[in-house]
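Trainee:
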Amino acid sequence: MNYDFIIIGGGHNALVTATELARAGKKVLLLEKHAQTGGAVLTEELFPGFRVSSGARDAAQFSPELAARLGLSRYGLEFIEPEAVLHAPAQGREGMTLWRDIEKTCASIRLFSEKDARRYPDFIAFVQRMCSALQAVLDVRPPDLSNPGLKTLLPLIRPALKIRGLGRRDMMEFLRVLPMTIEELLSEWFENDCLKGMLAMISSTGTELGAQSAGTAFLFLYHSLQSRSGIRAPRFVRGGMGALAAALEHAAVAAGAELRCRSEVSEITIKDGQVAAVCLADGEEIRASRVISGLDPHTTFFQLVRAENLPVAFVRAVRAIRMRGVLARLELAVDGLPYAPGTDSSHLAGQAVVCPSLDYLERAYDATKYGSMSEAPCLDVVIPTLSDPTVAPAGKHLISINAQFAPHTLREGEWDDSMRQELQRRILQALHELLPGIGEHILHSRLLTPVDMEDRFGMSGGDIFHGQMALDQLFIMRPVPGWSRYRTPIRGLYLCGSGTHPGGGVTGAPGWQAAKAILAADKDEQTA
680 MNYDFIIIGG GHNALVTATE LARAGKKVLL LEKHAQTGGA VLTEELFPGF RVSSGARDAA
740 QFSPELAARL GLSRYGLEFI EPEAVLHAPA QGREGMTLWR DIEKTCASIR LFSEKDARRY
800 PDFIAFVQRM CSALQAVLDV RPPDLSNPGL KTLLPLIRPA LKIRGLGRRD MMEFLRVLPM
860 TIEELLSEWF ENDCLKGMLA MISSTGTELG AQSAGTAFLF LYHSLQSRSG IRAPRFVRGG
920 MGALAAALEH AAVAAGAELR CRSEVSEITI KDGQVAAVCL ADGEEIRASR VISGLDPHTT
980 FFQLVRAENL PVAFVRAVRA IRMRGVLARL ELAVDGLPYA PGTDSSHLAG QAVVCPSLDY
1040 LERAYDATKY GSMSEAPCLD VVIPTLSDPT VAPAGKHLIS INAQFAPHTL REGEWDDSMR
1100 QELQRRILQA LHELLPGIGE HILHSRLLTP VDMEDRFGMS GGDIFHGQMA LDQLFIMRPV
1160 PGWSRYRTPI RGLYLCGSGT HPGGGVTGAP GWQAAKAILA ADKDEQTA
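Here it is, written out as structure tokens:
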């Protein structure tokens, strides 16, 4: 069969792209090397009876509008939004909890700081205004600065008006905040260390950036975009994240896309600067003039296309993309939850963090600058069984811990058994701040370092975002300057993964925007 488009990789963005192209009447073939689609959006029985979302843990950033457009509820997708948003332990006293209910949140903050409790509602309103403007910017395809004609610049009018509509004061605040450090932003609003440390973790997860790194205020807003609570709030998927992948797969098939699993692409054949075919690992060749890669830029260009088929300047730019995983994941199956004093299941049903201050976060980050794991890691913890008991045997729980910082490449040694054991020891030691005595309840454990994430999920450098979400790797510079509109120097080759605009996370936005761009390019070619 002849296909209009072949998509490489079955991650969530690729599935969104496949669905939109198929709905537009295109013949689409999606090739996935694993036994199931979804990429890092999956659920697996990691331990007997325990169904673990071992990649992405929640769908907080997945647009409800996109879910509705794709009709995902028809395929069984159900979101769970716990009342608790964030919780942080406090030594010797009741911890602080941020709730979806702002009055309840202020009551918790008031136990630590009356001043911060008064300022918190204004802060949430401010964040919502900033997020509204940022969303308008990210919803637009980056302009082609090499051809700044009217057609290119017209789409920028809407976000420009949105920013201008903030009013003079907030417009200037929006432009001021984006490059700020999260330490600067939070210190302008709050005085309490526990509150600032907790909020700073929103901007930090998965990034090689600390509290004093430029652009972390932008990341705070980026991760909070789809939240109705102002700040990023967990949105779990009933049955685990694999249910989201399954719904996306059903939507793609219903639209007419053909999906083939256990079909690993080993090469994209290029002839005279044009895509000619894709070759599978088993030797099969499928001819195609248009191919879309949902893989990260390093994998796409250096493993499938190969550098000799690309312009030298482009190769240099792609090599410069920073893909540096710093996130470790520890999964625990436990027979009970030993709560800290003043804490119960309602406080921990959302997200919990161990990051008692901005200084603590910065010290943890310092280690990765020297190629070492953090002595006292920052933890981002979810206990999905508190919201969805179906993912574990009755009376048992799952604990999923993101730990930072654990660099992909260690300056001394490698991620051998002794290093892994030491990392797990440090994570559990920090976890005792949240769940004292948890070590006595562990039934099973599994640790993933960034090296494991690279091997398991195909993320170069173990980078969960397919390229660090730093200011110099965003918007018109994502994935590289001059190629931010899903095209590549190879005719007929496009990108649709998290390494493209607007960026990483389980959003579906790169896949959606790539599909729109590709369909527009297809229309232009037909009318040319």
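Read in our numbering, the sequence shown has 974 at position 295, and its numbers run on one by one without any break. Heads up, the beta-carbon is just placed ideally off N, CA and C, and yes, glycines get one too. Owing to the predicted nature of the structure, the values given are computational and were not obtained by experimental measurement.
Rounded to whole angstroms, what is the Cα-Cα separation between Tyr1049 and Gln770?
Mentor: Cα to Cα, the separation comes out at about 30 Å.
Trainee: Mapping DSSP to helix, strand and coil, what is Trp672?
Mentor: This structure leaves residue 672 out entirely; the chain is present only between 680 and 1207.
Trainee: Assuming Ala924 contacts Val720 under a Cβ cut-off of 8 Å, what Cβ separation, rounded to an integer in Å, is found between them?
Mentor: That pair is a contact at about 5 Å.
Trainee: Looking only at its own chain, which residues have a Cβ that is under 8 Å from the Cβ of Arg748, when we skip the five neighbours before and after it?
Mentor: Closer than 8 Å at the Cβ level, and outside the excluded window around Arg748, lies no residue.
Trainee: Three-state secondary structure (DSSP) at Gln740?
Mentor: Coil.
Trainee: Reducing DSSP to helix, strand and coil, say where Ala1012 ends up.
Mentor: In the structure shown, Ala1012 sits in a strand (DSSP, three-state: E or B).
Trainee: When you compare only the Cα positions, how much space is there between Arg1042 and Met1002?
Mentor: Taking the straight line from one Cα to the other gives about 22 Å.
Trainee: So what does DSSP say about Leu1058, is it helix, strand or coil?
Mentor: Residue state, collapsed to three classes: strand.
Trainee: Among residues of its own chain, excluding the 5 on either side of Ala960, which ones have a beta-carbon nearer than 7 Å to its beta-carbon?
Mentor: Cβ neighbours of Ala960 beyond the five flanking positions: Glu943, Ser945.
Trainee: Identify whether Ile1000 lies in helix, strand or coil by the three-state DSSP scheme.
Mentor: Coil at Ile1000, not helix or strand.
Trainee: From which residue to which residue does the beta strand (DSSP E) around Asn988 run?
Mentor: No beta strand (DSSP E) holds Asn988; DSSP gives it neither H nor E.
Trainee: Run through DSSP, which three-state label would Ala1028 get?
Mentor: In this structure, Ala1028 counts as coil in the three-state DSSP scheme.
Trainee: Using three-state DSSP, classify Gln1108 as helix, strand or coil.
Mentor: Note: Gln1108 maps to helix in three-state DSSP.
Trainee: Can you tell me the Cα-Cα spacing of Leu938 and Ile687, whole angstroms?
Mentor: Using only the alpha carbons, I get a separation of about 10 Å.
Trainee: For Ser1097, does the count of other Cβ atoms within 10 angstroms reach 16, so buried, or fall short, so exposed?
Mentor: Exposed, because fewer than 16 other Cβ atoms sit within 10 Å of the Cβ of Ser1097.
Trainee: Could you tell me if Ala851 is buried or exposed, where buried requires 16 or more neighbouring beta carbons within 10 angstroms of its beta carbon?
Mentor: Before going further, note that residue 851 is Met rather than Ala in the sequence given. Per the 10 Å Cβ criterion, exposed.
Trainee: Go through the region 1107-1179 residue by residue and report every complete run of the beta strand (DSSP E) that reaches 3 residues or more, in order.
Mentor: As far as the region 1107-1179 is concerned, its whole beta strand (DSSP E) runs of at least 3 residues are 1121-1127, 1172-1174.
Trainee: Tell me the DSSP bridge mates of Glu724?
Mentor: In DSSP, Glu724 forms a bridge with Arg730.
Trainee: Distance, Cα to Cα, Trp868 vs Asp795?
Mentor: Roughly 8 Å between the two C-alpha positions.
Trainee: Just curious, the alpha helix (DSSP H) that Thr660 is in, first and last residue?
Mentor: Given a span of 680 to 1207 for the chain in the structure shown, any question on residue 660 remains unanswerable.
Trainee: Give me the residue from Thr776, Glu757, Pro761 with the minimum Cα distance to Val1033.
Mentor: Of Thr776, Glu757, Pro761, the residue nearest in Cα terms is Thr776.
Trainee: Among Leu1122, Arg1104, Ser1163, which one has its Cα closest to the Cα of Gly728?
Mentor: Comparing Cα-Cα distances from Gly728 to each of Leu1122, Arg1104, Ser1163, the minimum goes to Leu1122.
Trainee: Closest by CA to Leu756, which one among Gly918, Ser1079, Ala931?
Mentor: Measuring from the Cα of Leu756, the nearest candidate turns out to be Gly918.
Trainee: How is His713 classed by DSSP in three states: helix, strand or coil?
Mentor: In this structure, His713 counts as coil in the three-state DSSP scheme.
Trainee: CA-CA distance, Ala739 and Ser968?
Mentor: When rounded, the distance between both Cα atoms is 36 Å.
Trainee: So is Ile836 buried or exposed if we call it buried at 16+ other beta carbons inside 10 Å?
Mentor: The residue in question, Ile836, is exposed, as its Cβ has fewer than 16 Cβ neighbours within 10 Å.
Trainee: Which one or two residues does DSSP pair with Lys950 in a beta bridge?
Mentor: Answer is Gln953, bridged to Lys950.
Trainee: For Pro1129, I'd like the list of residues in its chain whose CB is within less than 6 Å of its CB, leaving aside the five on either flank, ordered along the chain.
Mentor: Gly1004, His1087, Gly1141.
Trainee: Do you know offhand how far Glu1054's Cα is from Lys705's?
Mentor: If you take the alpha carbons of Glu1054 and Lys705, they lie about 52 Å apart.
Trainee: Can you list, in chain order, the residues of its chain with a C-beta nearer than 8 Å to that of Ala986? Leave out the 5 residues immediately preceding and following it.
Mentor: Correct list, in chain order: Phe980, Val994.
Trainee: For Ala763, which option in Glu1091, Gly1116, His1026, Gly952 has the closest C-alpha, if you only look at C-alpha atoms?
Mentor: Residue His1026 is the option with its Cα nearest to Ala763.
Trainee: Work out the CA separation of Arg1135 and Gly1171 for me, nearest whole Å.
Mentor: Straight-line Cα distance between these residues: approximately 29 Å.
Trainee: List the residues that DSSP assigns as beta-bridge partners of Cys940.
Mentor: The partner list for Cys940 (beta bridge, DSSP) is empty, contrary to what the question assumes.
Trainee: Taking the beta carbon of Ala1028 as the centre, do at least 16 other beta carbons fall within 10 Å, making it buried, or is it exposed?
Mentor: The residue in question, Ala1028, is buried, as its Cβ has 16 or more Cβ neighbours within 10 Å.
Trainee: Between Ala1007, Val695, Tyr1044, Arg1105, which lies nearest to Leu888 when the distance is taken from Cα to Cα?
Mentor: Comparing Cα positions, the closest option is Tyr1044.
Trainee: Taking only runs that begin and end inside the region 800-866, name each unbroken alpha helix (DSSP H) of 4 or more residues, in chain order.
Mentor: The region 800-866 contains these whole alpha helix (DSSP H) runs: 829-832, 836-843, 847-856.
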